[in-house]
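**Q**
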Amino acid sequence: MELTVSIVEERNVIDDHLLDIIGNEFKFSHEKGLPEWIKNSTDAYIRQDPPVPDDEQYILFHFRDGRKGEPATFECIDFCGMTSQEIDKALKRWGDPKAASRGQNRRVFGGHGNGGKFYMRQMFERSHFITYRNGKFNIFGFNENRKYGFARGFKDKPCSPSEALKLAGIDKIPLPAGVMDRILGGATGFTVVRGIQPNRIKGIIPVARLCEKVRFHPQARKIVQRKPIRILHNGRVLFEQLEPERVELRPGFENLPPVPIPSQLPYEEDGQIEQIELANRKYSPGYLKLMASKEPFGRNSRISELNCIDILGEIGVIASYRIHELPQLKQYSQAEFIFGECYCPILEDPEEDCVKNDREKLIDGPKTRTLLRWIAAQVDEVGKEIEKEEAKERKLQNLKLTDVFNNILNTWKNQFMDKLLGEVLGGHGLGASVGGAGQDGVGGGIGAKSNQKGGRGGEGETKGGGEGDDPKRGQRHPVVLLSSLNPDPFGNGETLHLSARHSPVYQRPIDVENGVYWINTSRPLATAILERHGAESARWREYHFQRFVDIIVMEALHTMEKRGMELTFDIVENKINDVIKSVHDNALQSLSPFLL
Amino acid sequence: MSLNLSKEQKVLLSLFRLWKEGRRKVRYEDIVVQVYKDYSSDFHLKGYPEYPDTGDAVHKPLYDYRKRGMVSASNKMFSLTPHGVAEAERVQAAEKGAPPNKDSRHRLERDAQIEIERVKQLESFKLFLSGKQDDIIDADLFEYLGVSVRSSKNDFIGRLETMKSVIHSIQESGHKDPVLLGASQFHEFMMTRFATDIDFKAGRPTQPGKRE
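Protein chains in written order, with the numbering used here: chain A, 4 to 599; chain B, 871 to 1082.
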């Protein structure tokens, strides 16, 4: 017969050593602990009734350096205050997720009800809350033995506001405007969280460095953006308001739209694929908002802390991942520009809570890994866009360098082209009346089978002669421009962008009429040479020079056609060879410093 | 029953006769002489039947045919295009009294077939058929028409007319061949997409708002 057992439930008996074990897991540093105090102060304001506007939710940090016989102290002051009942019901309780909200139906920053207290217990020799509200003064805190309790004689001590301020030691420090009056008038109380003899700090407190760390800390930076946090050092104002770091966004990436998180994503582990739920009826789908900084954050720079994805909870940050911590990231180089935040409500589902006690990282598991892999893929997508932009910027830089050489080549071409065409093509005209290319000029002519060089068309302002229905506008020498760099002479001042499918040397009808050629810098070979070797490489100059050769050959062929020369294959081949020989010989003389 | 040919058709036939002798490029003067030999009563100087007319009577038809894509001209050297050869053969048959082909459905003229074969090889046509219309560029228009950006206005117009004629003959033939239907759609696409370039090259004023 089976034994029927029914347990009589009792309260857990927990040794204080467990607090040390958990506290050590926090691995507190001051820059990690101070944000916990900020969150507690913010929550105190959130609990206020009537609500306090954001810009009046003053938080003061007061740092006093250690001196002979006087230990260093950290203080975090807010202007709300607590009663002894609140201390009993909330502050004394460890690990109560409802502690921060005090049972109110308000969203607060406090998560597991541990952070601020653990910071006090683990990182200071002694620490306590000095709090005043409704005419009662309380001091509650930890002693040297890390045991907590009310200070003797300071539980619900009746006290006037001015006396309370004096007892708390904040009567002579520069409080925000109006706050002193509100306290003295009984409109509000205050809480001073004081840590005495902080770990690893004996004398002068590196306040500026601490503040810098705090304002970048994922648990604090959202609050720093919205709340006035004043920093005092030894009784004097060091920073009127802690300013959040303003990240200048990368042009073209200012308004990246939020990416909705799919309700389900596949998760693969050891060849097994399962579908991970990231939204359901109870928890709506989340989103990922990515941003790109103008400058890379770098690994060790001052602002490298911002190169991360903050995982947002219902309120506040529940985890934060540096970009390079994301799994399976591919665009590492471009990822150094990216930051953002991800809101995924299901992570806080109590049945599969992914939020860790210290809110640094999510609890590792399939859901967390699936989300992080998806985030990495999205970061990669933005990274690819940045990579494209970078390539464009590099190309533009290369083209600016190329422009100098292009001007040299244009000048060189202009100096010898007429002579070259005259020498190579002259004297073989068939006698057709061939007009010049000039506008309103007098067309030149060549005699039938003469040995004279063909006359050149007029270059004046009168109409050119020659065959054809329409007078053509002409130019003495063709002008060679670079696509994606030089302004389009027939556009609105912007350059002409050509595609990889356009020919290496390109002309539109209007370019033909005006003697303009474009070197297509988007051709795959041009792009590859520029990317790999740069604009000042001999390879690129050779490529660039060859396009000029193409143009000169084309001009020669058109001139032959205009002059009515018979264009059999043999003649064309011979003339092309003659032109190329002359061009190369001339280039050797004139362009060797650039080409060789 | 022979047909009464127009003067224009007679000029074309004279050029065709020279073409059949293997002369692919013919000087204007040679055409004048040939036309006079073939049809002296129509092409002599006014009041001088023993002298050929070297003026507009020959010149104008040649340039009209050029605009229709049947004759190409450069420096007063003329040649028949495949489209011109096809037209000349048709006119010659009519001159000899051959009846017109009654059942032209499902049969394309040889010159149209040549053009279609050429179009089928174009990268832009392949892009069009694969739905990548966005990748088609202005240079493809010139390649489609078989001209270059430097071609003269009349050569451009001539080739434009030739391709219109080819597409028209496809539509007339009632072919259901998907490639031929694709070629017809491709033509319409090119004409619409590059209407501004066509107007510019053909010397037509651009309609307001038409330029891209």
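In this text, a Cβ means the ideal position worked out from N, Cα and C, and glycines have one as well. Computed from a predicted model, the values in this text were never measured in an experiment.
Checking contacts by CB at 8 Å: is I480(A) closer than that to chain B?
**A** Contrary to the premise, residue 480(A) reads as His rather than Ile in this sequence. No, H480(A) lies away from the interface with chain B (no Cβ there is under 8 Å from its Cβ).
**Q** Confirm, please, whether the CB-CB distance from F948(B) to L932(B) is below 8 Å.
**A** Against a cut-off of 8 Å, the Cβ pair of F948(B) and L932(B) comes out as a contact.
**Q** According to DSSP, is F493(A) part of a helix, a strand, or is it coil?
**A** Correct three-state label for F493(A): coil.
**Q** Under DSSP, the alpha helix (DSSP H) around C214(A) begins and ends at which residues?
**A** C214(A) -> alpha helix (DSSP H) spans 210 to 219.
**Q** Using the Cα positions of Q51(A) and S307(A), report the straight-line distance between them to the nearest angstrom.
**A** Whole-angstrom Cα-Cα distance: 36 Å.
**Q** Starting from Q200(A), trace the beta strand (DSSP E) both ways and give me its first and last residue.
**A** Counting along the chain, the beta strand (DSSP E) containing Q200(A) begins and ends at 193 to 201.
**Q** So R504(A) contacts chain B; which residues on that side make the cut at Cβ distance below 7 Å?
**A** D1005, I1007, listed in chain order.
**Q** In the DSSP output, which residue or residues are listed as bridge partners for T498(A)?
**A** Partner(s): P490(A).
**Q** Thinking C-beta only, is I41(A) closer than 8 Å to A223(A)?
**A** A contact, by the Cβ cut-off of 8 Å.
**Q** Run through the DSSP bridge pairs and tell me what H914(B) is partnered with.
**A** Answer is P922(B), bridged to H914(B).
**Q** On the DSSP bridge assignment, give the partners of D1008(B) in chain order.
**A** Looking at the DSSP assignment, D1008(B) forms no beta bridge with any residue, so it has no partner.
**Q** Please report the straight-line C-alpha distance between D926(B) and V955(B), rounded to a whole angstrom.
**A** Cα to Cα, the separation comes out at about 22 Å.
**Q** Just to confirm the assignment, what range does the alpha helix (DSSP H) spanning Q1084(B) have?
**A** Because chain B in this structure spans residues 871 to 1082, residue 1084(B) falls outside the shown range and cannot be described.
**Q** Looking at S141(A): is its Cβ nearer than 8 Å to the Cβ of I90(A)?
**A** Reading off the sequence, residue 141(A) comes out as Asn, not Ser. A contact, by the Cβ cut-off of 8 Å.
**Q** Return the Cβ separation of T562(A) and L424(A) in integer angstroms, given the expectation that the two are a contact with Cβ distance under 8 Å.
**A** Right, the Cβ-Cβ distance comes to about 6 Å (below 8 Å), so this counts as a contact.
**Q** Would you verify that the beta carbon of V582(A) is, or is not, closer than 8 Å to some beta carbon of chain B?
**A** It does not; no Cβ of chain B falls within 8 Å.
**Q** Measuring straight from C-alpha to C-alpha, what distance separates E363(A) and E39(A)?
**A** If you take the alpha carbons of E363(A) and E39(A), they lie about 12 Å apart.
**Q** 8 Å is my cut-off, CB to CB: does V941(B) come that close to chain A?
**A** It does not: the Cβ of V941(B) has no partner Cβ on chain A nearer than 8 Å.
**Q** Could you please tell me which residues of the region 485 to 518 of chain A, in chain order, have their CB closer than 9 Å to any CB of chain B?
**A** Within the region 485 to 518 of chain A, the qualifying residues are L501, S502, R504, H505, S506, Y509, Q510, R511, P512, I513, D514, V515.
**Q** Candidates Q400(A), E426(A), H236(A), Q334(A): which alpha carbon is nearest G537(A)'s?
**A** Checking every option, the nearest Cα to that of G537(A) belongs to Q400(A).
**Q** What residues from chain C crowd round H33(A), counting only those whose CB sits closer than 8 Å?
**A** Absent from the structure: chain C. Protein chains present are A and B.
**Q** Looking only at its chain, what residues have a beta carbon closer than 6 Å to the beta carbon of A435(A), apart from the 5 residues adjacent to it on each side?
**A** Note on A435(A): pLDDT 34, under 50, position unreliable in the model; no value is reported.
**Q** Check whether the Cβ of G567(A) lies closer than 8 Å to any Cβ atom in chain B.
**A** Answer yes: the Cβ-Cβ gap between G567(A) and chain B drops below 8 Å somewhere.
**Q** Below 9 Å on C-beta distance, what does D1067(B) contact in chain A?
**A** Those are R511, P512, listed as they occur along chain A.
**Q** Ignoring anything shorter than 4 residues or poking outside the region 997 to 1054 of chain B, list the alpha helix (DSSP H) runs there in chain order.
**A** As far as the region 997 to 1054 of chain B is concerned, its whole alpha helix (DSSP H) runs of at least 4 residues are 1008 to 1015, 1023 to 1043.
**Q** Leaving aside the five residues before and after V905(B) along the sequence, list all residues of the same chain whose C-beta is less than 6 Å from its C-beta, in chain order.
**A** So the qualifying residues of the chain are V881, S884, F913, V928.
**Q** Residues in the same chain with beta-carbon distance under 8 Å from F1012(B), minus the five sequence neighbours each way, listed in chain order, please.
**A** Cβ neighbours of F1012(B) beyond the five flanking positions: S1018, V1019, S1021.
**Q** Could you tell me whether the region 283 to 293 of chain A touches the region 258 to 265 of chain A, where touching means 3 or more Cβ pairs closer than 8 Å?
**A** Judged by Cβ distances under 8 Å, the region 283 to 293 of chain A makes contact with the region 258 to 265 of chain A, as three or more pairs qualify.
**Q** May I have the straight-line CA-CA distance separating V515(A) from K1023(B), to the nearest angstrom?
**A** Spanning the two alpha carbons is a distance of roughly 12 Å.
**Q** Would you call the region 59 to 79 of chain A in contact with the region 226 to 237 of chain A, where contact means no fewer than 3 C-beta pairs closer than 8 Å?
**A** Touching, per the Cβ criterion.
**Q** Identify whether Y151(A) lies in helix, strand or coil by the three-state DSSP scheme.
**A** Three-state DSSP puts Y151(A) in a strand.
**Q** Quick check on E564(A) - is its C-beta less than 8 Å from some C-beta in chain B?
**A** Yes - at least one Cβ of chain B is within 8 Å of the one on E564(A).
**Q** Taking the alpha carbon of A295(A) as the point to measure from, which residue in R550(A), A503(A), N258(A) has its own alpha carbon closest?
**A** Of the candidates R550(A), A503(A), N258(A), the one whose C-alpha sits nearest the C-alpha of A295(A) is N258(A).
**Q** With the cut-off set at 8 Å, would you say C311(A) and R302(A) are in Cβ contact?
**A** Going by C-beta atoms, C311(A) is not nearer than 8 Å to R302(A).
**Q** Assuming contact is defined by CB atoms lying nearer than 8 Å, are N417(A) and H480(A) in contact in what I supplied?
**A** Going by C-beta atoms, N417(A) is nearer than 8 Å to H480(A).
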